[in-house]
Amino acid sequence: MTVRHRDRVPPLVWDSVLPALLLLNVVTTYPARELPVAAALTAALALPLVWRRRAPFAVFAAVVAAAAVQWLADVQLPADVALLVALYTAAAHTGRRGTLLAAGVVEGGAVLACLRWASDGAFLTPFVALSATVVAAAVLGVNVRTGRAYLAAVQERAERLALHQEQQARLAVAEERARIAREVHDIVTHNLSVMVALTDAAVYAQHRSPDRATAAMLQISETGRQALTDMRRSLGVLRADEPDAERHPLPGIDRLAALADQMAAAGLPTRLEVRGGHARVPASAQLTVYRLVQEALTNTLKHAPAGTRATVLVECSAGSVGVEVSDDGPRPAALPAAAPPSGHGIPGMRERAAAYGGTLRAGPLPGGGWGVRTRLLLGSGGTGAA
């Protein structure tokens, strides 16, 4: 509480206390015939201390000059303590060389004072006492300067740390947004593509085969519900009160069979083969495999002509998972070498594969059709980016 109230008082007020006390001491203790000279010298020594924080070196020079006049006038004053205060202030605001110079000047004044005013020729005792006070004032100023520099360094380090943490938080937010964007893209693109294909099939079959049209409409309804579930699960991390993320597990390799059946119902016959056990594959890696297969099949459904068949091969081993999706459609027309990939499908798949140290290759196959191939390294982490 004392520190808090002290900080509320302007520094100029605190710096005025010592000059006021020194002037009051002279006015109340010196006889009338000595008072004018003593008061004038005390004012010259003490009043500059009021501005010692604003101009420490100018104040030090003014106090030293006043002390020299006092010595020449052969007047001893309690206001000589102003020299120590000025030395302390100079040492607190300058480097080693300036501190040594200021201390040397004050020490010289101490020698002259002892030579003139030491009683009965006793020089050593007052000289040692004055030298000790000079050293103490200089050391105290140096310590204050060092502490101030240390606090400034700590504050700068704290600001840099806060800035680094803010940057890391922004990067984490950007990464999470990218993850959610990939999830939403995959969910929306896949399910809408399937629903469009099923709707076209239902319209085509509504008169010739009402049963098939009804089955297609039921499949559209199921696909829509699944899309809503996936959206709630993917966006559930943004809401603390969203229970769907806990109720519905993330899709994994075991859901690939249902995905293949869904694609077949939408008009893309898909053959699935899973080699090796996937029980030990992390859930995040299984989600990546599922999304890669889902996006690859969605691209085939959107771009391949009717009658195309797709094949999905997933190879699970102890340290990696291989994913290969291909179709037997016609060879696509060659694109210009400088043409950038359109859309977000393949770039998003590359990001997912890169999160697990994999390099995704997507392009036309030698015998026709299109293929997507990558291998995820389970030891590469990638949980956050999946």
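FYI, numbering that gives the first Met the number 0 numbers position 215 of the sequence shown as 214, with every residue one higher than the one before it.
Each residue gets a CB set at the ideal place from its N, CA and C atoms; glycine is no exception.
Every value quoted in this text rests on a predicted model; they were computed, and no experiment measured them.
Which residues mark the beginning and the end of the alpha helix (DSSP H) in which residue 139 is found?
Here residue 139 refers to the residue found at position 140 when the sequence shown is read from its first residue. Where residue 139 is concerned, the enclosing alpha helix (DSSP H) stretches over 123-204.
May I ask which residues mark the beginning and end of the beta strand (DSSP E) holding residue 312?
Counting from 1 along the sequence shown, the entry for residue 312 is found at position 313. Where residue 312 is concerned, the enclosing beta strand (DSSP E) stretches over 309-315.
Three Cβ pairs or more, each shorter than 8 Å: is that satisfied between the stretch 299-317 and the stretch 256-272?
yes
Can you give me the Cβ contacts of residue 189 inside the same chain, cut-off strictly under 6 Å, excluding the 5 residues immediately before and after it?
Residue mapping note: residue 189 aligns to position 190 of the sequence shown, counting from 1. Taken in chain order, the residues that qualify are 293 and 297.
List the endpoints of the continuous alpha helix (DSSP H) containing residue 347.
Taking the first residue of the sequence shown as 1, we reach residue 347 at position 348. Run containing residue 347: 344-353, per the alpha helix (DSSP H) assignment.
For residue 74, the three-state DSSP class (helix, strand or coil):
The residue you call residue 74 lines up with position 75 of the sequence shown. Coil.
Residue range of the alpha helix (DSSP H) that residue 271 falls in?
Start at 1 with the first residue of the sequence shown, and residue 271 comes out as number 272. Counting along the chain, residue 271 falls outside any alpha helix (DSSP H), though it belongs to the beta strand (DSSP E) covering 269-274.
What does the alpha-carbon distance come out to for the pair residue 58 and residue 85?
The residue labelled residue 58 in the question sits at position 59 within the sequence shown. The residue labelled residue 85 in the question sits at position 86 within the sequence shown. The alpha-carbon atoms of residue 58 and residue 85 are separated by roughly 7 Å.
Against chain C, with Cβ distances strictly below 7 Å, would residue 146 count as a contact?
The chain labelled as chain C is not found in the depicted structure, where only one protein chain is given.
Whole angstroms is fine: what's the gap from residue 316's alpha carbon to residue 254's?
For the purposes of this step, residue 316 is identified with residue 317 of the sequence shown, where counting begins at 1. For the purposes of this step, residue 254 is identified with residue 255 of the sequence shown, where counting begins at 1. Approximately 19 Å between the Cα atoms of the pair.
Sorted by chain position, which residues of the same chain lie with C-beta nearer than 6 Å to residue 371's C-beta, five sequence neighbours on each side aside?
The residue you call residue 371 lines up with position 372 of the sequence shown. Within the same chain, residue 371 has close Cβ partners 295, 324 and 361.
Range of the contiguous alpha helix (DSSP H) that encloses residue 16
Working through the sequence shown from its first residue, we reach residue 16 at position 17. 10-28 is the extent of the alpha helix (DSSP H) around residue 16.
Secondary structure at residue 326, three-state DSSP: helix, strand or coil?
Within the sequence shown, numbered from 1, the residue matching residue 326 stands at position 327. Three-state DSSP puts residue 326 in a strand.
Could you check if residue 162 is buried or exposed, using at least 16 other CB atoms within 10 Å of its CB as the buried criterion?
Taking the sequence shown and counting its residues from 1, the one referred to as residue 162 is at position 163. Exposed is the call here.
Alpha carbon of residue 37 to alpha carbon of residue 61, nearest angstrom
For the purposes of this step, residue 37 is taken as residue 38 along the sequence shown, with counting starting at 1. For the purposes of this step, residue 61 is taken as residue 62 along the sequence shown, with counting starting at 1. Cα-Cα distance, rounded: 17 Å.
Go to residue 371, then tell me how far its alpha helix (DSSP H) extends in each direction, as first and last residue.
Counting from one through the sequence shown, the residue named residue 371 turns up at place 372. Counting along the chain, residue 371 falls outside any alpha helix (DSSP H), though it belongs to the beta strand (DSSP E) covering 369-376.
Using 8 Å as the Cβ pair cut-off and three pairs as the minimum, do the stretch 92-111 and the stretch 30-50 touch?
no
When the Cα of residue 45 is compared with those of 184, 80 and 53, which residue comes out closest?
Position 46 of the sequence shown holds residue 45. For residue 45, the nearest C-alpha among the options comes from 80.
Where residue 172 and residue 88 are concerned, what is the direct C-alpha to C-alpha distance, given to the nearest angstrom?
As a first step, residue 172 is located in the sequence shown; it is residue number 173 there, counting from the start. As a first step, residue 88 is located in the sequence shown; it is residue number 89 there, counting from the start. The alpha-carbon atoms of residue 172 and residue 88 are separated by roughly 49 Å.
Alpha-carbon spacing of residue 272 relative to residue 318, whole angstroms:
Residue mapping note: residue 272 aligns to position 273 of the sequence shown, counting from 1. Residue mapping note: residue 318 aligns to position 319 of the sequence shown, counting from 1. Whole-angstrom Cα-Cα distance: 19 Å.
Residue 36, DSSP secondary structure in three states:
The count along the sequence shown starts at 1 and reaches residue 36 at position 37. Three-state result, residue 36: helix.
Cβ atoms of residue 203 and residue 390: under 7 Å apart, would you say?
Residue 390 lies beyond the stretch modelled for the chain, which goes from 0 to 385, so this question has no answer here.
Rounded C-beta distance between residue 152 and residue 130? I'm assuming under 8 Å.
One-based indexing of the sequence shown puts residue 152 at position 153. One-based indexing of the sequence shown puts residue 130 at position 131. Contact flag wrong, Cβ pair sits at about 33 Å.
Run through DSSP, which three-state label would residue 320 get?
Here residue 320 refers to the residue found at position 321 when the sequence shown is read from its first residue. Strand.
Does DSSP classify residue 386 as helix, strand or coil?
Here the chain has residues from 0 to 385 only, and residue 386 is not among them.
In chain order, what residues of the same chain have a beta carbon less than 7 Å from the beta carbon of residue 15, not counting five sequence neighbours either side?
Here residue 15 refers to the residue found at position 16 of the sequence shown. Result list for residue 15: 49, in chain order.
Check the DSSP bridge columns for residue 361 and list the partner residues they point to.
The sequence position of residue 361 within the sequence shown is 362, counting from 1. 371.
Straight-line CA distance for residue 21 to residue 39?
Along the sequence shown, one-based indexing puts residue 21 at 22. Along the sequence shown, one-based indexing puts residue 39 at 40. If you take the alpha carbons of residue 21 and residue 39, they lie about 12 Å apart.
Figure out for me which residue from 139, 101 and 355 has the closest Cα to the Cα of residue 284.
Here the question's residue 284 lines up with position 285 in the sequence shown. Residue 355 is the option with its Cα nearest to residue 284.
According to DSSP, simplified to helix, strand and coil, what is residue 280?
Start at 1 with the first residue of the sequence shown, and residue 280 comes out as number 281. Three-state DSSP puts residue 280 in coil, outside helix and strand.
Report the option in 176, 366 and 136 whose CA atom is closest to the CA atom of residue 83.
The sequence position of residue 83 within the sequence shown is 84, counting from 1. Looking at the Cα atoms, 136 is the closest of the given residues.
Is any heavy atom of the ligand SAH found at a distance shorter than 6 Å from the C-beta of residue 172?
The ligand SAH is absent from the structure shown, which contains no ligands of any kind.
Kindly list the residues whose CB is nearer than 7 Å to the CB of residue 132, restricted to its own chain and excluding five residues on each side of it in sequence; keep chain order.
Position 133 of the sequence shown, counting from 1, holds the residue named residue 132. Correct list, in chain order: 83.
Who are the Cβ neighbours of residue 229 in its own chain at under 7 Å, not counting the five residues just before and after it?
Counting from 1 along the sequence shown, the entry for residue 229 is found at position 230. Around residue 229: 186.
Buried or exposed: which applies to residue 127, given that a residue is buried once 16 or more other Cβ atoms fall within 10 Å of its Cβ?
Here residue 127 refers to the residue found at position 128 when the sequence shown is read from its first residue. It is exposed - the Cβ of residue 127 has fewer than 16 other Cβ atoms within 10 Å.
With a threshold of 7 Å on Cβ separation, who are the neighbours of residue 18 within its own chain once the five nearest residues in sequence on each side are excluded?
Here residue 18 corresponds to residue number 19 of the sequence shown, with the count starting at 1. So the qualifying residues of the chain are 45, 46, 48 and 49.
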